[in-house]
Amino acid sequence: MDIINSKPPSLETGLDQAQLPSPAVSRPKRIWGWLDDRLGLSAIRYKVPAHANTFWYTLGGITFIGIVVLAVTGIYLAQYYDSAPEAARQSVIYIQNVAPFGGIIRGIHVWSAYIVVITSALHMIRVVVTAAYKIPREINWLVGLALLAFLLFVGVFTGTILRWDQESYEAMTHNMLLTNSLGGVATFFSHDLNSNIPMVSRLYTVHVSLVPLILIILLIAHFFLIKHHGLSPTAAQADRGEAPGGRLPEDKLTGHYPTHLRLMVGYGLALLGLAGALAVFIPQAIGPVPDPAMEVTKPPFVFFWLYPFENWFGLNGILYSAIGLFGLLTVLPFIDRTPLRALRQRKVALVIGVVLLVAVLAASILTAVQPVARHLS
Amino acid sequence: MKRIRQFLVVVLLALTGLVMWGNIEVGQAHGDTSVSVTPISPKTGEEVTIKGEKLSVNATVMIELTGNNATINLGEAKSDQDGNFTSKFKIPADMKAGTYKLKASADDDTATTELTVLAGSASNTTTASTEGTAAPILERPLWETILLVAFFGVLAGAGIFFAQIRNRKATS
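Protein chains in written order, with this note's numbering: chain D, 925 to 1301; chain F, 185 to 356.
Encoded structure:
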């Protein structure tokens, strides 16, 4: 039957639905159909648990958007930054005061870095509270920890040095002394690898190449494992036996991933707005030209929790505290063996989590209130 | 979960307060009156240049340092017809090293900033070197600041609105 040329149905003819001509398809739908055929966009319309579409379960996605903001603003900054030691600080002053929108973009870059560390820490806290590190997600927990550690100790740290002011110099001195302590393991970050290229230039290369590369690899692994395992059940669902093997069955997936994407993008835009507003109200300072004889600065506040340990145990205190914190977090899924997921039923995880959180906060507040201490000889 | 949420909100607010408070800027105060010191980290016995702006007009300005359980009177300066002054003072040689609050007060006006005094005697070169000062940050005109804040505020609001839209129809 020629459907296109057939007449409209009527009560008299009694044509069935299959013989009726198709309604006209709107242009947006045709464009979507064309793109979908070629890009497979419909594949993202998969189901997720309803709780995936809440703020607390979107923190990981918000962190990802923050990393994207860092990459975009970083590309702009790289157009004006000069990594030669004699020119680095001046180029940052140029970015701040002369380059078009330089001060704002620099401010967004720095504030986004701090915000991303905070959102990833909150994301990690959510994972601990909901026991999402339990079977079968233990490896993904380790990938997430590696992401946080790399972001903080390589990304933010190398970024601090690039300003090449007094604070940067003191950070670099810490780097040199710590790499000496670590020996061969840290050769890549030390003068031993190549003393012909200035360290600030080499750390700039790390900041713009190694950091994005490693983050991308870790993020791909992280996202793949999340998709593979599905989003974790809530503690209540798991304890009621609704998620055998830590996976929710199809009938429990009542939300949709495009909603989750919308939350990510929406809250990510809010993150960008917050970083921009902070860049306007609290512009990032550029300290004085480095004086090797002085030690007068504290690190950025995301590193405040390390400072008291350096006061008490010397430079190695930084290693002890960082290894202590991340070491405990690494073994957490393997220590917390209870099959239950409600936080109150997981005494070990609760104690470890509270102790670590209180320790980090207390150490940070202590650093904020006490004067600068001398650590470097 | 609600308690944990409340706890995390309190933590976030505390951390924000930490950033605002623990962030030591160039020795410049915010607000209409201001005072700055060069160098920002003098040694004991070293001479510093203290510059004040928009204090009381043609007034005697008292300069003092407070901190480490001590109050040290550095001396006096005289403000001009614009309320500005620039004067040199010597950090006492027997002063304890540490972070101090520097206060310049004239009649009803006060400006404060922070400086860190280092231990050790100053060199013979007492002139403050510009290399020891933080780089100046170009101040924006007020209209530009308002425009930027409005832009980022709208961006943040639009983001939250977009995130909060309820789906009107179930996707298949």
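Positions of the beta carbon are idealized from the N, C-alpha and C atoms, including for glycine.
Leaving out five residues on either side along the sequence, give the residues of the same chain with a beta carbon under 7 Å from the beta carbon of A1070(D). The residue you call residue 1070(D) lines up with position 146 of the first sequence. Cβ neighbours of A1070(D) beyond the five flanking positions: L1142.
Taking a Cβ distance cut-off of 9 Å, strictly less, list which residues of the stretch 333-352 of chain F are near chain D, in chain order. Flagged, chain order: V333, F335, F336, G337, V338, L339, A340, G341, A342, G343, I344, F345, F346, A347, Q348, I349, N351.
Is the CB of A254(F) under 8 Å away from at least one CB in chain A? This model lacks chain A altogether; the protein chains it does include are D and F.
Suppose the cutoff is 6 Å on Cβ atoms and the five residues either side in sequence are ignored; what does the same chain contact list for Y1005(D) look like? Taking the first residue of the first sequence as position 1, residue 1005(D) is located at position 81. Here Y1005(D) has S1015 as same chain residues with Cβ atoms under 6 Å from its own Cβ, once five neighbours each way along the sequence are excluded.
If P1263(D) sits next to G1031(D), beta carbons under 8 Å apart, how far is it from one beta carbon to the other, in whole angstroms? Here the question's residue 1263(D) lines up with position 339 in the first sequence. Here the question's residue 1031(D) lines up with position 107 in the first sequence. About 48 Å separates the two Cβ atoms, so there is no contact after all.
So, do the stretch 1077-1087 of chain D and the stretch 1027-1044 of chain D have three or more beta carbon pairs nearer to each other than 8 Å? With three or more CB-CB distances shorter than 8 Å, the stretch 1077-1087 of chain D counts as touching the stretch 1027-1044 of chain D.
Just the Cα atoms here: how many angstroms apart are A1012(D) and L1193(D)? Here the question's residue 1012(D) lines up with position 88 in the first sequence. Here the question's residue 1193(D) lines up with position 269 in the first sequence. Each residue's CA atom was taken as its position, placing A1012(D) and L1193(D) some 31 Å apart.
Which residues in chain F have a C-beta closer than 7 Å to the C-beta of Y948(D)? List them in chain order. Residue numbering aside, residue 948(D) sits at position 24 when the first sequence is read from its first letter. Strictly speaking, residue 948(D) in this sequence is Ala, with Tyr absent from that position. Per Cβ cutoff of 7 Å: no residues; A948(D) is ~20 Å from chain F at best.
Please check if any C-beta of chain D sits within less than 8 Å of the C-beta of G259(F). For the purposes of this step, residue 259(F) is taken as residue 75 along the second sequence, with counting starting at 1. Not one chain D Cβ lies under 8 Å of G259(F).
Going by the DSSP bridge assignment, what does F269(F) pair with across the sheet? Stepping through the second sequence from its first residue, residue 269(F) is reached at position 85. In the DSSP output, where bridge partners are listed per residue, F269(F) has G236(F).
Would you report the Cα separation of T1221(D) and M1096(D), rounded to the nearest angstrom? The count along the first sequence starts at 1 and reaches residue 1221(D) at position 297. The count along the first sequence starts at 1 and reaches residue 1096(D) at position 172. Going by C-alpha positions, T1221(D) is about 13 Å away from M1096(D).
Does any residue of chain F bring its CB to less than 8 Å from the CB of N1235(D)? Taking the first sequence and counting its residues from 1, one reaches residue 1235(D) at position 311. False, the Cβ-Cβ gap to chain F never drops below 8 Å.
Segments assigned alpha helix (DSSP H), at least 4 residues, entirely inside the stretch 1004-1059 of chain D: Segments of the alpha helix (DSSP H) lying fully in the stretch 1004-1059 of chain D: 1009-1021, 1026-1053.
Determine, for N308(F), whether the minimum Cβ-Cβ distance to residues of chain D falls below 8 Å. What you label residue 308(F) is simply residue 124 of the second sequence in a count that begins at 1. Caution is warranted here: a pLDDT of 35 is assigned to N308(F), below 50, making its placement in the model unreliable, and the coordinate value is therefore given only provisionally. Output row for N308(F): interface = no.
Contact set between the stretch 1178-1190 of chain D and chain F, restricted to residues whose Cβ is under 9 Å from the partner: Listed by position, the residues of the stretch 1178-1190 of chain D near chain F (Cβ gap below 9 Å) are H1180, P1182, T1183, R1186, L1187, M1188, V1189, G1190.
Can you list, in chain order, the residues of its chain whose CB lies under 6 Å from that of W892(D), leaving out five sequence neighbours each side? Residue 892(D) lies beyond the stretch modelled for chain D, which goes from 925 to 1301, so this question has no answer here.
Listing by chain order, which chain D residues have their CB less than 7 Å from the CB of T329(F)? Position 145 of the second sequence, counting from 1, holds the residue named residue 329(F). Within 7 Å of the CB of T329(F), the CB atoms of chain D belong to V1204, in sequence order along the chain.
Quick one: what does DSSP say H879(D) is sitting in, helix, strand or coil? As shown, chain D starts at 925 and ends at 1301. That puts residue 879(D) outside it, with no answer to give.
Through-space distance from Y1181(D) to E872(D), alpha-carbon basis: Summary: the structure shown does not reach residue 872(D), with chain D confined to residues 925 through 1301, and so no result is reported for it.
Residue closest to Q1161(D), alpha-carbon to alpha-carbon, out of A1266(D), M1218(D), L1139(D), R969(D): Along the first sequence, one-based indexing puts residue 1161(D) at 237. When each option's Cα is compared against that of Q1161(D), the closest is A1266(D).
Can you confirm whether S1288(D), when its beta carbon is compared against all beta carbons of chain F, has any partner nearer than 8 Å? Position 364 of the first sequence, counted from the first residue, corresponds to residue 1288(D). By this cut-off, S1288(D) is an interface position.
Can you pull the chain F neighbours of Q1020(D), defined as C-beta to C-beta under 8 Å? To locate residue 1020(D), count along the first sequence from 1; it is residue 96. Listed by position along chain F, the residues whose Cβ is nearer than 8 Å to that of Q1020(D) are A319, I321, L322.
Buried or exposed: where does L322(F) fall if 16 or more other Cβ atoms within 10 Å of its Cβ makes it buried? Residue numbering aside, residue 322(F) sits at position 138 when the second sequence is read from its first letter. Burial state of L322(F) is exposed, judged by a 10 Å Cβ sphere holding fewer than 16 other Cβ atoms.
DSSP three-state call for V1272(D): helix, strand or coil? On the first sequence, position 348 is the one that residue 1272(D) refers to. Note: V1272(D) maps to helix in three-state DSSP.
Check whether the stretch 1092-1111 of chain D and the stretch 1147-1162 of chain D touch, using three or more Cβ-Cβ pairs below 8 Å as the test. Cβ pair count under 8 Å is below three, so no.
Can you give me the C-alpha to C-alpha distance between L249(F) and A261(F), rounded to a whole angstrom? Residue numbering aside, residue 249(F) sits at position 65 when the second sequence is read from its first letter. Residue numbering aside, residue 261(F) sits at position 77 when the second sequence is read from its first letter. L249(F) and A261(F) have their C-alpha atoms some 14 Å from each other.
Given that L326(F) touches chain D, what residues does it touch there, using C-beta distances under 9 Å? Numbered from 1 along the second sequence, position 142 holds the residue referred to as residue 326(F). Near L326(F) there are no residues of chain D at all, since even the closest Cβ is about 12 Å away, more than 9 Å.
Take V301(F) and list the residues in its own chain whose beta-carbon comes closer than 7 Å to its own, dropping the five residues that flank it on each side. Working through the second sequence from its first residue, we reach residue 301(F) at position 117. For V301(F), where only same-chain residues beyond five positions count, the Cβ hits under 7 Å are P226, T228, I275, M279, A281, G282, Y284.
Just to confirm, are D1260(D) and A1273(D) a CB contact at a threshold of 8 Å? Position 336 of the first sequence, counting from 1, holds the residue named residue 1260(D). Position 349 of the first sequence, counting from 1, holds the residue named residue 1273(D). Cβ atoms of D1260(D) and A1273(D): closer than 8 Å.
Taking the alpha carbon of F1227(D) as the point to measure from, which residue in V1022(D), F1077(D), L1202(D) has its own alpha carbon closest? Translated into positions along the first sequence, residue 1227(D) becomes position 303. Taking the Cα of F1227(D) as reference, the smallest distance to any Cα among V1022(D), F1077(D), L1202(D) is reached at F1077(D).
Spell out a yes or no on whether the stretch 1049-1062 of chain D and the stretch 1153-1160 of chain D are touching, meaning 3 or more CB-CB pairs, one atom from each, closer than 8 Å. Judged by Cβ distances under 8 Å, the stretch 1049-1062 of chain D makes contact with the stretch 1153-1160 of chain D, as three or more pairs qualify.
Helix, strand or coil for M1218(D)? Go by DSSP, reduced to three states. Residue 1218(D) sits at position 294 when you count from the first residue of the first sequence. In the structure shown, M1218(D) sits in coil (DSSP, three-state: anything other than H, G, I, E or B).
With a cut-off of 8 Å, does the C-beta of L1196(D) fall near any C-beta of chain F? The count along the first sequence starts at 1 and reaches residue 1196(D) at position 272. Interface annotation, L1196(D): in contact with chain F, CB-CB separation under 8 Å.
Using a threshold of 7 Å, is the CB atom of D1175(D) nearer than that to any non-hydrogen atom of the ligand NAP? Of ligands this structure carries none, so the ligand NAP is not represented either.
Return helix, strand or coil for D1175(D), following the three-state DSSP convention. Translated into the one-based positions of the first sequence, residue 1175(D) becomes position 251. Correct three-state label for D1175(D): helix.
Residue span of the alpha helix (DSSP H) that contains E1100(D), given as start and end: Here residue 1100(D) refers to the residue found at position 176 when the first sequence is read from its first residue. Before going on, a small fix: residue 1100(D) reads as Met here, not Glu. Unbroken alpha helix (DSSP H) run through M1100(D): 1090-1106.
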